[in-house]
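Novice: Below you will find the structure I want to go over with you.
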Amino acid sequence: MGLSLSPLALIVLLACLTAFHQCNGNPFRKNNPFHHHHHPRFAKHNYRDALTKSIMFFEGQRSGRLPSNQRITWRRDSGLSDGAAMHVDLVGGYYDAGDNVKFGFPMAFTTTMLSWSVIEFGGLMKGELQNAKQAIRWATDYLLKATAHPDTIYVQVGDANQDHSCWERPEDMDTPRSVFKIDKNSPGSDVAGETAAALAAASLVFRRSDPTYSKLLTRRAIRVFQFADKYRGPYSNGLKKVVCPFYCSYSGYQDELLWGAAWLHRATRSPTYLNYIQVNGQILGAAEFDNTFGWDNKHVGARILLSKAFLVQRLKSLHDYKGHADNFICSLIPGAPFSSAQYTPGGLLFKMSDSNMQYVTSTSFLLLTYAKYLTSAHQVVNCGGTRVTPKRLRTIAKKQVIAKATQQFKVCWWFIFFAQLYFILTTNFHGCVMDQVDYLLGDNPLKMSYMVGYGPRYPQRIHHRGSSLPSVANHPAKIQCSAGFNFMKSQSPNPNILVGAVIGGPDQKDRFPDQRSDYEQSEPATYINAPLVGALTYLAHSFGQL
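Residues -25 to -1, 1 to 521 (mature numbering (1 follows the signal peptide of the UniProt record, and there is no 0)) are what the sequence shown spells out, left to right.
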């Protein structure tokens, strides 16, 4: 059937095509700038600088006795008696975000994702590899302490409700450093499964550089997973008053059991875990259509991880995980039959109002990682009959076409429909894009970098106690619990720059008020940065910066 257009429509279409071509260059050209064999000529950002800062951030979140090579120097030792309440040593680890509590669940997920970043892209990191490994080891040293006793995991230090009633530097904190644990009588398969995943993933990071440490991590991961699987239940049941609503296990524990088994399979290559996955995968939700990947729900990550076993290692028994992974990818493709993703007018992936940037960084990492697996296996994604290549996934991880295109071509709404269709049917479409990572780094409607210390304009009043209060060096006297709120309520910029911290980010309309009290948008978190480390490494390498 032919398409008949009026002369006016033809003029408008020609104008749109001309503008579209000017914005995108020739969409039919064969050379994709994200092909892994070529360095593009021009990069919008210094991804290497962003990578350095994204790793440095973790030093600002350290708890315990700080080393002599500490780079964020306004921090000091803190939490040196952690664990004493239960006569155990729980000194070290990370504060997860802007308060002074050590939550084991997000800390373990942070460790898994930092490790995965190094496993997939560490070979490209060059000088930053050692810093990334140190960030991982700061966490795993703590997780080894937390899992020292069989069938017990110490999952939290500090009472969040009491901690949040104060605005104190971690060096000053005098709220109770209560210790909370899971065991046979009060299980927590979710936090235990994630801890097993973290230890297993980290064992791969240190396999060559420190084989003794790697073996210790592997043995502990095996023991912790056995505990998670044998004594089943969500940790939120027994510790509801302590962990909820902060890190309640909303998605249940099944995803962590699948995720933990997947990492143990990769770390040990033992048929025990392959058999476990084959027998229990469906029961544990392998095929569910939940497409949000973060500290609570690991199903998508497990699917991507297990797809490698099929794609690269040719384990045909895990064939279904390629299809499960494809379903996640298809949910992100604008115009695809199963697309469900939402984007802000400026082009940012938007999942939810509270700390949305964590889903931007985790999704970008998964896209790049899956593209790597597909490339190795010479495979593509099938979205309802539409082929999506690894090149396309890398572009999506870095770019998002439709929002910016729609913004610039509102008068050509009908043309955008055909542009969307064309985008799906081709692999080398260079849309008029709003880049996911570049959006985070400053290419957005507000021209605001959402990484502290990167670029000329970044958030000044992040929701972070240590950053917002005078440093110990500048104010040696203790700042009391309630006195700190005078600083929290102040409109002055934070006196201490938490270099590399990525915060929750803008709302669904690209707005960002930069208010310290707005924890949903202004609070950083370790699990926002962890997957970003991998994505920034890939981009820095792709643009010849590493």
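Backbone N, C-alpha and C fix where the C-beta goes; we use that ideal spot for every residue, glycine too. Every value quoted in this text rests on a predicted model; they were computed, and no experiment measured them.
With burial defined as no fewer than 16 other Cβ atoms inside 10 Å of the residue's Cβ, what is the status of residue 74: buried or exposed?
Specialist: Indexing the sequence shown from 1 puts residue 74 at position 99. Under this definition residue 74 is a buried residue.
Novice: With a 10 Å radius around its C-beta and 16 neighbouring C-beta atoms as the bar for buried, classify residue 149 as buried or exposed.
Specialist: If you number the sequence shown from 1, residue 149 lands on position 174. Under this definition residue 149 is an exposed residue.
Novice: Taking DSSP as the reference, what is the three-state secondary structure of residue 313?
Specialist: Locating residue 313 in the sequence shown gives position 338, where the first residue counts as 1. In this structure, residue 313 counts as coil in the three-state DSSP scheme.
Novice: Would you give the residue range spanned by the beta strand (DSSP E) that residue 158 belongs to?
Specialist: Taking the sequence shown and counting its residues from 1, one reaches residue 158 at position 183. Residues 154 to 158.
Novice: Please list, in chain order, all residues of the same chain as residue 192 whose beta carbon is under 8 angstroms from its beta carbon, the five residues on each side excluded.
Specialist: One-based indexing of the sequence shown puts residue 192 at position 217. Result list for residue 192: 115, 119, 174, 175, 177, 178 and 181, in chain order.
Novice: Within a Cβ cutoff of 6 angstroms, which residues of the same chain sit near residue 90, ignoring the five residues on either side of it in sequence?
Specialist: For the purposes of this step, residue 90 is identified with residue 115 of the sequence shown, where counting begins at 1. Contacts found: 111, 176, 177 and 180.
Novice: At which residue ranges does the segment 169 to 235 contain complete alpha helix (DSSP H) runs of 4 or more residues, listed in the order of the chain?
Specialist: Taking only runs of at least 4 residues, the alpha helix (DSSP H) segments lying wholly in the segment 169 to 235 are 186 to 205, 210 to 213 and 215 to 218.
Novice: Beta strand (DSSP E) containing residue 348: first to last residue?
Specialist: Your numbering for residue 348 matches position 373 in the sequence shown. Residue 348 -> not in any beta strand (DSSP E); alpha helix (DSSP H) instead, spanning 332 to 352.
Novice: Can you list, in chain order, the residues of its chain whose CB lies under 8 angstroms from that of residue 313, leaving out five sequence neighbours each side?
Specialist: On the sequence shown, residue 313 is found 338 positions in, with the first residue counted as 1. Hits under 8 angstroms: 302, 305, 306, 358 and 359.
Novice: If you draw a straight line from the alpha carbon of residue 434 to that of residue 520, how long is it in whole angstroms?
Specialist: Here the question's residue 434 lines up with position 459 in the sequence shown. Here the question's residue 520 lines up with position 545 in the sequence shown. Near 26 angstroms, if we compare the C-alpha coordinates of residue 520 and residue 434.
Novice: Since residue 129 is in the beta strand (DSSP E), which residue starts that stretch and which ends it?
Specialist: The residue you call residue 129 lines up with position 154 of the sequence shown. Looking at the DSSP string, the run of the beta strand (DSSP E) that includes residue 129 is 127 to 132.
Novice: Please identify the residue among 123, 39, 290 and 31 whose C-alpha is closest to the C-alpha of residue 108.
Specialist: Working through the sequence shown from its first residue, we reach residue 108 at position 133. Nearest of 123, 39, 290 and 31 to residue 108, Cα basis: 31.
Novice: Is residue 138 near residue 76, with beta carbons less than 7 angstroms apart?
Specialist: Indexing the sequence shown from 1 puts residue 138 at position 163. Indexing the sequence shown from 1 puts residue 76 at position 101. Closer than 7 angstroms, so yes.
Novice: By Cβ distance below 8 angstroms, which residues in the same chain neighbour residue 215 in space, the five residues on each side in sequence not counted?
Specialist: Indexing the sequence shown from 1 puts residue 215 at position 240. The residues are 223.
Novice: Would you please state the rounded distance, in angstroms, between the beta carbons of residue 424 and residue 432? I believe it to be under 8 angstroms.
Specialist: Walking along the sequence shown from the start, residue 424 turns up at place 449. Walking along the sequence shown from the start, residue 432 turns up at place 457. The Cβ separation is near 6 angstroms, so the contact holds.
Novice: What residues match up with residue 324 in a beta bridge as DSSP calls it?
Specialist: Position 349 of the sequence shown, counted from the first residue, corresponds to residue 324. In the DSSP output, where bridge partners are listed per residue, residue 324 has 318.
Novice: Quick one: Cα of residue 473 to Cα of residue 36, how far?
Specialist: Here the question's residue 473 lines up with position 498 in the sequence shown. Here the question's residue 36 lines up with position 61 in the sequence shown. Cα to Cα, the separation comes out at about 9 angstroms.
Novice: Measuring CA to CA, which of 121, 317 and 48 is closest to residue 67?
Specialist: Locating residue 67 in the sequence shown gives position 92, where the first residue counts as 1. Residue 67 has its Cα closest to that of 121, out of 121, 317 and 48.
Novice: Apart from the five residues on each side of it in sequence, which residues of its chain come closer than 7 angstroms, Cβ to Cβ, to residue 372?
Specialist: Counted from its first residue, the sequence shown places residue 372 at position 397. Excluding residues within five positions, the ones whose Cβ falls inside 7 angstroms are 339, 342, 343, 411 and 510.
Novice: What does a CB cutoff of less than 6 angstroms around residue 323 pick up in its chain, not counting 5 residues either side in sequence?
Specialist: For this step, residue 323 is matched to residue 348 along the sequence shown. Taken in chain order, the residues that qualify are 414.
Novice: According to DSSP, is residue 408 part of a helix, a strand, or is it coil?
Specialist: To locate residue 408, count along the sequence shown from 1; it is residue 433. Legend: pLDDT at residue 408 = 28, less than 50; position of this residue unreliable, no value from coordinates given.
Novice: Could you tell me which of 207, 153, 295 and 126 sits nearest to residue 196, measuring between CA atoms?
Specialist: Taking the sequence shown and counting its residues from 1, one reaches residue 196 at position 221. Among 207, 153, 295 and 126, the Cα nearest to that of residue 196 belongs to 126.
Novice: Give me, in chain order, the residues of the same chain whose beta-carbon lies closer than 6 angstroms to that of residue 226; leave out the 5 immediate sequence neighbours on both sides.
Specialist: Along the sequence shown, one-based indexing puts residue 226 at 251. 271 and 272, listed in sequence order.
Novice: What does the alpha-carbon distance come out to for the pair residue 545 and residue 506?
Specialist: The question about residue 545 has no answer here: the residues shown for the chain are numbered -25 through 521.
Novice: Looking at C-alpha atoms only, which residue of 366, 481, 361 and 362 is the closest neighbour of residue 351?
Specialist: Taking the first residue of the sequence shown as position 1, residue 351 is located at position 376. Ranking the options by Cα distance to residue 351, first place goes to 366.
Novice: Could you have a look at residue 39 and say whether DSSP puts it in helix, strand or coil?
Specialist: Numbered from 1 along the sequence shown, position 64 holds the residue referred to as residue 39. Note: residue 39 maps to strand in three-state DSSP.
Novice: On the three-state DSSP scale, how would you describe residue 362?
Specialist: As a first step, residue 362 is located in the sequence shown; it is residue number 387 there, counting from the start. Strand, per DSSP.
Novice: Can you tell me which of the three DSSP states residue 478 falls into?
Specialist: Locating residue 478 in the sequence shown gives position 503, counting from the first residue. If DSSP states are grouped into helix, strand and coil, residue 478 belongs with the strands.
Novice: Would you call the CB atoms of residue 154 and residue 79 closer than 7 angstroms?
Specialist: Start at 1 with the first residue of the sequence shown, and residue 154 comes out as number 179. Start at 1 with the first residue of the sequence shown, and residue 79 comes out as number 104. In this structure, residue 79 does not lie closer than 7 angstroms to residue 154 by Cβ.
Novice: Indicate whether the contact test is met: 3 or more Cβ pairs, each with one atom in the segment 465 to 485 and one in the segment 319 to 333, closer than 8 angstroms.
Specialist: Output reads yes: the segment 319 to 333 touches the segment 465 to 485.
Novice: Residue 309 to residue 315, Cα distance in whole Å?
Specialist: Against the sequence shown, residue 309 aligns to sequence position 334. Against the sequence shown, residue 315 aligns to sequence position 340. The alpha-carbon atoms of residue 309 and residue 315 are separated by roughly 8 angstroms.
Novice: Please list the terminal residues of the continuous alpha helix (DSSP H) segment that includes residue 486.
Specialist: By 1-based counting over the sequence shown, the position of residue 486 is 511. Counting along the chain, residue 486 falls outside any alpha helix (DSSP H), and DSSP gives it neither H nor E.
Novice: For residue 282, count neighbouring C-beta atoms within 10 Å of its own C-beta (all shown protein chains included) and say buried if the count is 16 or more, exposed if not.
Specialist: As a working note, residue 282 is residue 307 in the sequence shown. Flag for residue 282 reads buried.
Novice: Kindly indicate which residue of 231, 501, 159 and 337 has the alpha-carbon position closest to the one of residue 258.
Specialist: Within the sequence shown, residue 258 is the residue found at index 283, counting from 1. Of 231, 501, 159 and 337, the residue nearest in Cα terms is 231.
Novice: Please list the terminal residues of the continuous alpha helix (DSSP H) segment that includes residue 297.
Specialist: Numbered from 1 along the sequence shown, position 322 holds the residue referred to as residue 297. Note, residue 297: alpha helix (DSSP H), 294 to 307.
Novice: Which class does residue 246 belong to by DSSP, given the choice of helix, strand or coil?
Specialist: The residue you call residue 246 lines up with position 271 of the sequence shown. Looking at residue 246 - three-state DSSP - the assignment turns out to be helix.
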